[in-house]
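Quick notes on the structure that follows.
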Amino acid sequence: MNILVFVKRVPDTESRIRIQHETKTIAEDGLNFVVSPYDEYAVEEALRLKEAKGGTVRVISVGRDEAAAVLRKCLAMGADEAFLVKDDSPETYDGLRTARIIARAVERKFAGADLLLFGKQSVGADNSQVPAMVAEFLGLPQATVVTKLEVEAAAATAYREIEGGTEKVILPLPAVVTAQKGLNEPRYETLKGIMAAKKKEIPVVKLDELGLGPDEIASQIAITGLDVPAQRQAGKILQGDPAETARELVRLLRDEAKVI
Amino acid sequence: MIAVYLETRDGKIKKSSLEALSEAKRRAVEMGDETAAVLVGGGVAGLAPGAFGLGAAKVYALENPALADYSSQGYALALAEFAGEARPAALFFAATAMGRDLAPRVAARLGAGLASDCTKVAVKNGTLEFTRPIYAGKAFLTFTLISSPKLATLRPNVFPLAEAVSESGEVIAKSVSFPDGAVKGRVAEVLREESAEVDVTEADVVIAGGRGLKGPENFALLRDLAAVFPRAAVGASRSAVDSGWIGHQHQVGQTGKTVSPNLYIGVGISGAIQHLAGMSSSKVIVAVNKDAEAPIFKVADYGIVGDLLEVVPRLKDELKKALAD
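For the protein sequence lines, the chains are A and B, in the order given. Everything in the first sequence is counted per the working numbering, starting at 132 for the first residue and increasing by one. Everything in the second sequence is counted per the working numbering, starting at 69 for the first residue and increasing by one.
Spelled out as structure tokens, the structure:
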């Protein structure tokens with residue numbers, strides 16, 4: 132089984148986000164960057180499939196040189212190879228652009244995969260666009276937000292989360308699958324894995340090797356504003372007898388907030 | 069024309085789709101344009117009156133027996149073909165499990181950018197401007213789309229449902245055909261959760277529990293409290309989920325779901341930054357915590373400092389009384 136996993140470097144979930152208003156970008160200094168958490172489930176699933184069925188796991192990230200650090204973590208977890216598709220553009224928040232780059236990279240450089248695994252969304256842009264767009268560009272079936280995956284020789288059964296239930300999707304391979312929390316518990320890197328990952332080379336694919344036209348890598352998103360949400364005002368805090376505070380809270384919800 | 073894809077499950081149009089249609093109508097009126105609704109399925113034209121009631125001038129019913137069950141490829145094909153022929157200025161979806169699965173495929177087919185999970189839509193200089201949370205709500209991005217049509221998914225529970233007016237309109241039924249082998253994946257089965265609980269993203273009230281519950285058994289208190297409301301769901305913090313006290317589908321926050329109910333009640337939740345990101349767009353926030361210094365009190369509209377085991381059952385009784393009045 133030949134598996135491709137796509138990962139993104141993002142600020143960790145503990146990060147406090149600050150805005151650089153003049154450039155309408157996120158201030159990156161002081162942020163701790165990690166593999167996007169959902170992508171880790173995708174890497175783990177690929178490694179488990181490889182352990183069960185043999186094959187290779189190749190991990191790919193589109194981004195600046197700094198993304199090599201998250202690729203190295205994936206190598207330390209056990210991925211066979213990692214590749215950086217070098218894209219120096221700042222975050223565009225445009226999934227279509229990234230999807231075009233990935234789809235073209237798969238066609239030109241990574242053809243022949245049985246399974247393309249992604250996180251269900253990057254933590255940050257939160258778009259949930261790229262995997263389904265890649266699937267459409269490549270004419271592949273997809274299952275997104277998957278919490279259980281069973282892979283046979285020529286087909287996969289994926290269980291995807293929907294409101295109040297689960298959808299069971301049958302996919303002939305090759306296919307695109309996106310990982311949701313619950314799919315597995317990602318492993319920690321071993322010291323041996325970390326040492327081995329340090330020695331591995333991470334080949335770089337340049338954007339201009341992919342033959343995309345300027346209109347194809349132009350962002351379709353024109354940013355007009357980037358702000359942090361207005362601070363909520365701290366409200367009324369009730370202390371004392373549980374019965375009285377409960378009664379007073381319900382009165383406030385009904386008479387003041389008018390939500391009940 | 070602003071077109072809105074109306075998602076159907078079990079033969080009914082989803083409420084979040086009607087919210088998207090309501091918002092489309094408001095923006096279309098502002099732009100001097102009209103709205104249309106789009107249904108996709110085996111035989112869906114009969115659902116059209118629901119859309120006319122919300123002001124759609126036309127309802128397109130894209131039909132093929134093979135579309136009776138949802139498939140991202142089949143539905144994307146149908147909607148892209150519709151967009152190519154009817155040429156709407158914009159096409160909206162509800163940002164549901166289906167909308168998030170489907171809209172990107174339609175966007176890729178049309179070669180158009182997509183505004184995902186929007187919480188605000190405005191008209192600026194004659195074009196649509198979208199606002200959406202990024203970093204799970206730690207920041208908000210506002211932008212216009214350069215490509216056309218303007219594709220967007222709208223977050224459930226954010227846009228108010230319009231008052232239904234009795235209007236009628238034109239139903240345009242179209243038979244969709246696709247080449248052999250164009251649809252590869254298929255939904256074999258939809259498995260419902262036995263409890264048939266409302267999802268946290270769709271609930272009017274979310275009662276969320278955290279580490280302060282001390283164990284899985286105390287989630288029963290929250291379920292009891294939720295049962296008082298007509299459309300309430302139980303949520304949880306990451307630490308409660310990671311401790312195995314409740315399934316991850318209940319998690320609210322940056323590696324869980326972002327919710328915006330009318331009323332959010334956080335019980336025994338301290339308020340880690342990644343949790344606050346996922347719930348701070350709730351209309352009214354209530355916190356119950358024994359620690360008066362818990363960060364959640366900084367964002368709460370109302371708080372009770374106290375022992376949740378004593379407070380929650382009394383809160384349930386008082387709410388029951390108030391709601392019965």
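Glycine included, C-beta positions come from ideal geometry on N, C-alpha and C. Keep in mind the model is a prediction, meaning the values are calculated, not measured.
| Would T154(A) count as contacting chain B if we go by Cβ distances under 9 Å? | no
| request: Pull up the distance between the alpha-carbon of E399(B) and that of Y332(B), whole angstroms please. | output: Chain B is shown only over 69 to 393; residue 399(B) falls outside these bounds and no answer can be derived.
| field | Q342(B): first and last residue of the uninterrupted alpha helix (DSSP H) it sits in | value | 341 to 347
| query | How is K358(B) classed by DSSP in three states: helix, strand or coil? | reply | coil
| request: Taking only runs that begin and end inside the segment 335 to 391 of chain A, name each unbroken alpha helix (DSSP H) of 4 or more residues, in chain order. | output: 373 to 382
| field | Collapsed DSSP secondary structure at Y370(B) in the structure displayed | value | strand
| task | Determine the burial state of R140(A): buried for a count of at least 16 other Cβ atoms within 10 Å of its Cβ, exposed for fewer. | result | buried
| said: Restricting to Cα atoms, I'd like to know which of M347(B), L196(B), P298(B) is closest to A92(B). | reply: L196(B)
| request: Check the Cβ-Cβ distances between S236(B) and every residue of chain A, and say whether any is below 9 Å. | output: no
| If G250(A) sits next to D170(A), beta carbons under 8 Å apart, how far is it from one beta carbon to the other, in whole angstroms? | 4 Å
| said: What residue range does the alpha helix (DSSP H) around I233(A) cover? | reply: 226 to 240
| Closer than 9 Å, Cβ to any Cβ of chain B: which residues of the segment 261 to 273 of chain A, in chain order? | V261, P262, A263, M264, V265, A266, E267, F268, G270, L271, P272, Q273
| Is it right to say L322(A) is buried, meaning 16 or more other beta carbons lie within 10 angstroms of its own, or is it exposed? | exposed
| For P381(B) and E238(A), the rounded distance between their alpha carbons | 59 Å
| query | Under 9 Å, do A335(B) and V356(B) count as touching if we go by C-beta distance? | reply | In the sequence on display, residue 335(B) carries Val and not Ala. Taking 9 Å as the Cβ cut-off, V335(B) and V356(B) qualify as a contacting pair.
| field | Where A171(B) sits in the DSSP three-state scheme | value | helix
| Does A175(B) come within less than 9 Å of chain A when only Cβ atoms are used? | yes
| Roughly how far, in whole angstroms, is the beta-carbon of A345(B) from the beta-carbon of K206(B), given that I think they are within contact range, below 8 Å? | 5 Å
| request: Please list, in chain order, all residues of the same chain as E418(A) whose beta carbon is under 7 Å from its beta carbon, the five residues on each side excluded. | output: Beyond the ends of chain A as shown, which are 132 and 391, falls residue 418(A); an answer cannot be given.
| query | Apart from the five residues on each side of it in sequence, which residues of its chain come closer than 6 Å, Cβ to Cβ, to N132(B)? | reply | V244
| Partners in chain B for R378(A), counting only beta-carbon separations shorter than 7 Å | E386
| request: Please go through the same chain and pick out, in chain order, the residues whose beta-carbon is closer than 7 Å to the beta-carbon of A286(A), but skip the five residues on each side of it. | output: I301, L302, P303, L304
| field | Buried versus exposed, by CB contacts within 10 Å (16 or more), Q364(A) | value | exposed
| A136(B) versus I81(B) - alpha carbon distance | 14 Å
| Where DSSP assigns a beta bridge to Q273(A), which residues make up the other side? | V307(A)
| If you compare alpha carbons, which of H152(A), I150(A), Q351(A), E379(A) is closest to A176(B)? | Q351(A)
| request: Please compile the residues from chain A whose C-beta is within a distance smaller than 8 Å of the C-beta of D292(B). | output: Per Cβ cutoff of 8 Å: no residues; D292(B) is ~14 Å from chain A at best.
| DSSP state of F246(B) mapped onto helix, strand, coil | coil
| In three-state terms, what does DSSP make of P201(B)? | strand
| For I293(A), does the three-state DSSP call read helix, strand or coil? | strand
| query | Leaving out five residues before and five after G255(A) in sequence, what residues of the same chain have Cβ atoms less than 6 Å from its Cβ? | reply | V141
| field | Residue from R189(A), I325(A), V359(A) whose Cα sits closest to the Cα of A242(A) | value | R189(A)
| Near-chain A residues of the segment 317 to 330 of chain B - C-beta to any C-beta below 9 Å | Q317, Q319, G321, Q322, T323, G324, T326, N330
| said: Can you tell me whether A297(B) is helix, strand or coil according to DSSP? | reply: Reading off the sequence, residue 297(B) comes out as Phe, not Ala. DSSP places F297(B) in coil when its eight states are reduced to three.
| said: Less than 9 Å between the C-beta atoms of V233(B) and L122(B), yes or no? | reply: yes
| request: Let me know if D257(A) comes out buried or exposed under the rule of 16 or more other beta-carbons within 10 Å of its beta-carbon. | output: buried
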